[in-house]
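Asks: Below: one structure in structure tokens.
Chains as they are written, first to last, in our numbering: chain A, 1 to 265; chain B, 266 to 506.
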């Protein structure tokens, strides 16, 4: 079954979407979208480094994404505005990565597949890595759920309950790096943030508890992944952007139907 | 037995009010109020006690059996985080419906269980925070400007609720407030803070101290008297603020 490239692509997209949609709830609640961008863009630099030192792309991307994640964590000391700095880091990492890739002698590599993903070419090993990463993200969020939620709500409430919110934030930042590492093959560096925030934003209007929002977000993520892949095959469009397009379409539907429901009351 | 104490605690963090060599202790069951002007380090002191800030010098000692219930000054719940009142009470640990109901009854918010936190009024929100804080049956309740944003009847009602909670649980209460006239007379002990402890004692002693008068003016003396007058008669209109 895994011999079929479409089956592998579907499994890879589904795994990525699940992890991203789950973590994406925290990205939305904590307003970490910029963190997502910076970490994802750094992945391109990771690709360049991997190629230059002929390492596995996965290792290079994970290492650079983790490095960026820790750097952002250190910069975001409580209460200081970091969005400008994040913008510098994010686009700096992307530009340096693109330049570095072009400077690598020998083979002309296809940068586009790292910017927009190339899920149709994933190997069995890629699928295994993606699902291992997704399982890690799901397991840690499951185990830490209450602490993460308390720290998200209020750092002081967390402290009073004996939870260290800095630790919880570090956990989320590291998980972000893991998601970036597994998602780069599927949607590419430029669209990872979309996979994080759009399903969560879609689920927001339809749910009344954080748990429900997380589950509905994952459902929308998986629906977008399968549907986007199908659309890409039918219309011969790139898979990553197609997944995001469907995701945006679902978001619009949810928003419009919510408008109708609230004005109808 | 002392529940929690600060010994010569100093804080010199960038962006935070400075605290110089502050020492005090809280005994079981007493109501202690910290008063002081803006930027005098009141919230910093509370956050030291709950462990949110580490002191640059000095020591915070917590008794091994102290259970802190904390009501923060304000809590901004992101609009994208759906959270019903009942679910909020499950943080950080899940509680049984019976316990949640009991806490909501004590705080007077039973009817709000299924409401979204974002749909609550200021007074309702504070009482939900109070309900959450008392779920762990604390022996020390810490409140940071808990009545900020409430109108006068609202905050008077909130303080009555706290008094009820204290009688229920027998817990000590440590609060920060700018509403001198309300809190002063309800406290066993008042600590007047301005970077350091200016004066300390029963409300009457503190309000007569020159250091206190210098910070708040003698006008507050009148307010204290006014409050006492106010409370000669009973307020029984229980609004939902």
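Built from N, CA and C at the ideal position, the CB exists for glycine as well. Note that this is a predicted model, so its numbers are computed, not measured.
Three-state secondary structure (DSSP) at residue 341 (chain B)?
Replies: coil
Asks: In the structure shown, what three-state DSSP assignment does residue 37 (chain A) receive?
Replies: It is helical.
Asks: By the three-class DSSP mapping on this structure, what secondary structure does residue 402 (chain B) have?
Replies: coil
Asks: Can you look up residue 469 (chain B) in the DSSP assignment and give me helix, strand or coil?
Replies: helix
Asks: Helix or strand or just coil, what does DSSP make of residue 53 (chain A)?
Replies: coil
Asks: Between residue 34 (chain A) and chain B, is there a C-beta pair that is closer than 8 angstroms?
Replies: Not a single CB atom of chain B sits nearer than 8 angstroms to the CB of residue 34 (chain A).
Asks: Any Cβ of chain B within less than 8 angstroms of the Cβ of residue 29 (chain A)?
Replies: yes
Asks: Since residue 207 (chain A) meets chain B, which of its residues come closer than 9 angstroms, beta carbon to beta carbon?
Replies: 347
Asks: For residue 161 (chain A), does the three-state DSSP call read helix, strand or coil?
Replies: coil
Asks: Express the C-alpha separation of residue 214 (chain A) and residue 225 (chain A) in angstroms, rounding to a whole number.
Replies: 16 angstroms
Asks: How long is the line joining the alpha carbons of residue 73 (chain A) and residue 453 (chain B), rounded to whole angstroms?
Replies: 44 angstroms
Asks: Below 6 angstroms CB to CB, which residues in the same chain sit around residue 290 (chain B) once its five sequence neighbours on both sides are set aside?
Replies: Answer for residue 290 (chain B): 267 and 270, listed in chain order.
Asks: Could you tell me whether the Cβ of residue 163 (chain A) comes closer than 8 angstroms to any Cβ of chain B?
Replies: Yes, its Cβ sits closer than 8 angstroms to a Cβ of chain B.
Asks: Which whole runs of the alpha helix (DSSP H) in the region 300–354 of chain B are 4 residues long or more, in chain order?
Replies: Runs of the alpha helix (DSSP H) inside the region 300–354 of chain B: 307–315 and 350–354.
Asks: Just to confirm before moving on: does the CB-CB distance between residue 278 (chain B) and residue 315 (chain B) stay below 8 angstroms?
Replies: no
Asks: Taking the continuous alpha helix (DSSP H) assigned at residue 459 (chain B), which residues delimit it?
Replies: Looking at the DSSP string, residue 459 (chain B) is not in any alpha helix (DSSP H), and its letter there is neither H nor E.
Asks: Considering only their Cβ atoms, is the gap separating residue 246 (chain A) from residue 227 (chain A) smaller than 8 angstroms?
Replies: yes
Asks: If you measure between the beta carbons of residue 284 (chain B) and residue 304 (chain B), is that distance less than 8 angstroms?
Replies: no
Asks: My output table needs one value for residue 422 (chain B): the three-state DSSP class, helix, strand or coil.
Replies: In the structure shown, residue 422 (chain B) sits in a helix (DSSP, three-state: H, G or I).
Asks: Would residue 41 (chain A) be called buried (16 or more neighbouring beta carbons within 10 Å of its own) or exposed?
Replies: buried
Asks: Could you pull out every residue in the same chain whose Cβ sits closer than 7 angstroms to the Cβ of residue 275 (chain B), ignoring the five residues on either side in sequence?
Replies: 284, 285, 286, 320, 321, 322 and 323
Asks: Residue 550 (chain B): which of B:386, B:442 and B:300 sits nearest, CA to CA?
Replies: Residue 550 (chain B) is absent from the model: chain B starts at 266 and stops at 506.
Asks: Can you give the Cα-Cα distance for residue 157 (chain A) and residue 238 (chain A), rounded to whole angstroms?
Replies: 45 angstroms
Asks: Determine the direct distance from the alpha carbon of residue 438 (chain B) to that of residue 348 (chain B), and round the result to whole angstroms.
Replies: 28 angstroms
Asks: For a test of the three-state rule: what should DSSP assign to residue 437 (chain B), helix, strand or coil?
Replies: strand
Asks: Considering only residues of the same chain and omitting the five flanking positions on each side of residue 433 (chain B), which have a CB-CB separation below 7 angstroms?
Replies: Residues of the same chain with a CB within less than 7 angstroms of the CB of residue 433 (chain B), apart from the 5 flanking positions on each side, are 371 in chain order.
Asks: With 16 other CB atoms within 10 Å as the buried threshold, where does residue 5 (chain A) fall?
Replies: exposed
Asks: Between which two residues does the alpha helix (DSSP H) harbouring residue 229 (chain A) extend?
Replies: Residue 229 (chain A) -> alpha helix (DSSP H) spans 210–235.
Asks: Spell out whether any CB of chain A is found under 8 angstroms from the CB atom of residue 316 (chain B).
Replies: yes
Asks: Ordered along the chain, which non-local residues of its own chain (more than five positions away) have a Cβ less than 8 angstroms from that of residue 182 (chain A)?
Replies: 15, 16, 19, 129, 130, 133 and 134
Asks: Of all Cβ atoms in chain B, is any one closer than 8 angstroms to the Cβ of residue 6 (chain A)?
Replies: no
Asks: Here's the rule: buried if 16 or more other CB atoms are within 10 angstroms of the residue's CB, otherwise exposed. What is residue 8 (chain A)?
Replies: Residue 8 (chain A) is buried by the Cβ-count criterion.
Asks: What separation, rounded to the nearest whole angstrom, lies between the Cα atoms of residue 122 (chain A) and residue 111 (chain A)?
Replies: 16 angstroms
Asks: Counting only Cβ pairs nearer than 7 angstroms, list the residues of chain B close to residue 160 (chain A).
Replies: 315, 333 and 335
Asks: Are the CB atoms of residue 66 (chain A) and residue 141 (chain A) nearer to each other than 8 angstroms?
Replies: no
Asks: Tell me the rounded alpha-carbon separation between residue 397 (chain B) and residue 411 (chain B).
Replies: 14 angstroms
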